[in-house]
Amino acid sequence: MERVAVDLPGRAYEILIGPGLTARAGALVAPLLRRPRVAIVTEDRVAAAHLGALGAAFAAEGIAAEALVLPPGEGTKCWAELARVTEWLLAQGVERGDVVVAFGGGVIGDLVGFAAAILRRGVRFVQVPTTLLAQVDSSVGGKTGINTAQGKNLVGAFHQPSLVIADTALLASLPDRDFRAGYGEVMKYGLLGDPAFWDWLEAAGPRLRDDPAALVRAVRRSCEMKAGIVMRDETEQGERALLNLGHTFCHALESATGYSDRLLHGEGVAIGCALAFELSARLGLCPQEEPGRVRAHLAAMGMRRDLADIPGDLPDAEALLALMGQDKKVVDGQLRFVLARRIGDAFVTGDVPRDAVRDLLSESLAARG
Ligand SMILES: NC(=O)c1ccc[n+]([C@@H]2O[C@H](COP(=O)([O-])OP(=O)(O)OC[C@H]3O[C@@H](n4cnc5c(N)ncnc54)[C@H](O)[C@@H]3O)[C@@H](O)[C@H]2O)c1
Ligand SMILES: O=C(O)C(=O)C[C@@H](O)[C@H](O)[C@H](O)COP(=O)(O)O
Ligand SMILES: [Zn+2]
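Residue numbers (full-length UniProt numbering): 1 to 369.
Quick look at the structure:
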């Protein structure tokens, strides 16, 4: 088992990574409990594949576990499901000293983490992430929340988990499309701050799914990078915004596609990273060959890399820019982007001419034919 520490004052926790950890979840969570019970929140697909194993792991330690099973998909990160989760937790008699378990991908982690943040003004929660995306990104760092009619992740709270248990064996049941989407966040770490990790991913990325040791290494390095950034800047006053590489584009595209399965979050991140590198090259900030290298790796991974790869209608460039206006990095109405000097060296800037973004989006939209 690999361990990554997130050392935040008064809220330190560990990320445990390795195959088979679900069977040990009861023993791993037991030291956090004041009384032998937990409330698990999950969703249909995860429940069908893995809830039995998680329940058995708690039962083996004499821990009573009740579960709420929600519908799957991005649409679940909404006000109605937040109300359902919080009311259910209250009906279960969850006290301030109890622990809630978020068992699922990023959708469940974000929603349940937010419910835990506001329930009785804050109860502890444990993340048991079941997607690649959740194991490398969303289960770590304490960003929780829901989407609203105005945009992505616009209501939420910083609320750190008390433990993260990333059982890499659970990813065996993940559909290929979701595995690839999760990889969008993995490669983001190489692009934003670790050129050696990027070089390794160029070679190892295509075999990640079939190589358990490489998978653990990718999850571990991603978590180390995220933990490091979160420890230095928990509430995104500066450096943490680097984790938003590709997301200014991604969130506008997710909003434009109605948070539907036309575009998964990780797919939007991959496309957004390719666009961020293209914009960086056009502005003369990074070498001209870097965007091609990013796109070539996405192609080698069988991933989407451009607006042309998103099915169905998209709004025009001006409308996409308007959607970007809800981005949380906006200051005084000015968009800010994460751009790059080269692969492995990203930075945040507000010095991006709106025309350059509009032109890039217009050309990319025109290429859709
Ligand atoms: N809080 C953060 O820091 C952070 C970081 C990145 C992304 N996110 C958020 O995470 C969300 C995306 O997360 P995601 O990609 O995990 O999506 P998701 O939770 O919707 O899961 C993806 C799909 O995989 C299925 N699934 C999950 N685990 C499975 C398993 N083990 N076997 C079979 N099927 C399984 C789900 O039912 C779903 O269909 C977005 O809402 C995004 O905004 C948050
Ligand atoms: O943890 C962070 O910080 C991130 O930005 C990670 C992102 O991958 C993630 O999608 C996050 O939810 C985006 O946050 P937001 O503040 O832009 O909504
Ligand atoms: Zn993301």
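For each residue, glycine too, the CB sits at the ideal point set by N, CA and C.
All of these numbers come straight from a predicted model, not from anything done at the bench.
8 Å Cβ shell around residue i - same chain, five flanking residues per side excluded
{"i": "L28", "result": "L16, L21, L163 and I165"}
{"i": "D194", "result": "R221, M225 and G344"}
{"i": "L242", "result": "L192, G193, I229, V338, A346, F347 and V348"}
{"i": "M231", "result": "V6, D7 and L8"}
Chain-order list of residues whose beta-carbon lies under 7 Å from that of residue i (same chain, five-residue window excluded)
{"i": "S173", "result": "A49"}
{"i": "A60", "result": "G26"}
{"i": "V219", "result": "I17, Q135, V136, A166 and T168"}
{"i": "C286", "result": "F277, S280, A340, R341 and R342"}
{"i": "R209", "result": "F179"}
{"i": "L170", "result": "T22, H50 and T130"}
{"i": "P120", "result": "Checking the sequence shown, residue 120 turns out to be Arg, not Pro. Same-chain partners within the cutoff: R96."}
{"i": "A299", "result": "R305"}
{"i": "E2", "result": "I17, G18, V216 and R220"}
{"i": "E239", "result": "I229, R232 and D233"}
Beta-carbon proximity list for residue i, same chain, < 6 Å, skipping 5 on both sides
{"i": "G104", "result": "T42, E43, V46 and T130"}
{"i": "F249", "result": "G272 and L275"}
{"i": "I310", "result": "L263"}
{"i": "L68", "result": "V41 and W88"}
{"i": "V352", "result": "F337"}
{"i": "G151", "result": "S255 and Q326"}
{"i": "Q92", "result": "A39 and E66"}
Whole-number beta carbon distance between residue j and residue i, since they are thought to touch under 8 Å
{"i": "V269", "j": "G142", "result": "With a Cβ gap of about 19 Å, V269 and G142 do not count as contacting."}
{"i": "A366", "j": "F277", "result": "19 Å between Cβ atoms; not a contact."}
{"i": "G182", "j": "V136", "result": "7 Å"}
{"i": "V99", "j": "R124", "result": "5 Å"}
{"i": "D110", "j": "S138", "result": "6 Å"}
{"i": "V330", "j": "L245", "result": "Not confirmed; about 16 Å, so no contact."}
{"i": "C223", "j": "V140", "result": "6 Å"}
{"i": "R368", "j": "A308", "result": "5 Å"}
{"i": "I146", "j": "W79", "result": "7 Å"}
{"i": "V101", "j": "I63", "result": "So it is not a contact: roughly 10 Å between Cβ atoms."}
{"i": "A317", "j": "S362", "result": "4 Å"}
{"i": "V85", "j": "A117", "result": "Not really, about 12 Å apart at Cβ, beyond 8 Å."}
{"i": "A57", "j": "R24", "result": "7 Å"}
Status (buried if at least 16 other CB within 10 Å, exposed otherwise) for residue i
{"i": "P291", "result": "buried"}
{"i": "Q237", "result": "exposed"}
{"i": "S364", "result": "buried"}
{"i": "S280", "result": "buried"}
{"i": "A346", "result": "buried"}
{"i": "T144", "result": "buried"}
{"i": "P36", "result": "exposed"}
{"i": "Q127", "result": "buried"}
{"i": "E289", "result": "exposed"}
{"i": "A65", "result": "buried"}
{"i": "R305", "result": "buried"}
{"i": "L90", "result": "exposed"}
{"i": "A227", "result": "buried"}
{"i": "Q160", "result": "buried"}
{"i": "T235", "result": "exposed"}
{"i": "A252", "result": "buried"}
{"i": "G52", "result": "exposed"}
{"i": "G156", "result": "buried"}
Residue i Cβ short of 7 Å to ligand 3 heavy atom set
{"i": "V269", "result": "yes"}
{"i": "E74", "result": "no"}
{"i": "E185", "result": "yes"}
{"i": "H265", "result": "yes"}
Closer than 7 Å: residue i CB and nearest ligand 2 heavy atom
{"i": "E236", "result": "yes"}
{"i": "D137", "result": "yes"}
{"i": "H159", "result": "no"}
{"i": "N244", "result": "yes"}
{"i": "R240", "result": "yes"}
{"i": "K152", "result": "yes"}
{"i": "H247", "result": "yes"}
{"i": "K77", "result": "no"}
Check: residue i C-beta below 7 Å from any heavy atom of ligand 1
{"i": "T131", "result": "yes"}
{"i": "A53", "result": "no"}
{"i": "A149", "result": "no"}
{"i": "K143", "result": "yes"}
{"i": "E224", "result": "no"}
{"i": "V128", "result": "no"}
{"i": "H297", "result": "no"}
{"i": "A91", "result": "no"}
Ligand 5 heavy atom lying under 7 Å from the CB of residue i
{"i": "E290", "result": "This structure lacks ligand 5; its bound ligands are ligand 1, ligand 2 and ligand 3."}
Cutoff 8 Å: residue i Cβ touching any chain C Cβ
{"i": "L170", "result": "Considering every chain present, this structure includes no chain C. It has just one protein chain."}
Can you list the beta strand (DSSP E) stretches of 3 or more residues lying completely in the region 192-228, in chain order? none
Which runs of the beta strand (DSSP E) at least 3 residues long sit entirely within the UniProt domain "3-dehydroquinate synthase N-terminal" (68-180)? Give them in chain order. 99-104, 124-129, 143-148, 151-158 and 163-167
Scan the region 306-363 and note each continuous beta strand (DSSP E) run of 3 residues or more that stays entirely inside, going in chain order. 337-342 and 345-349
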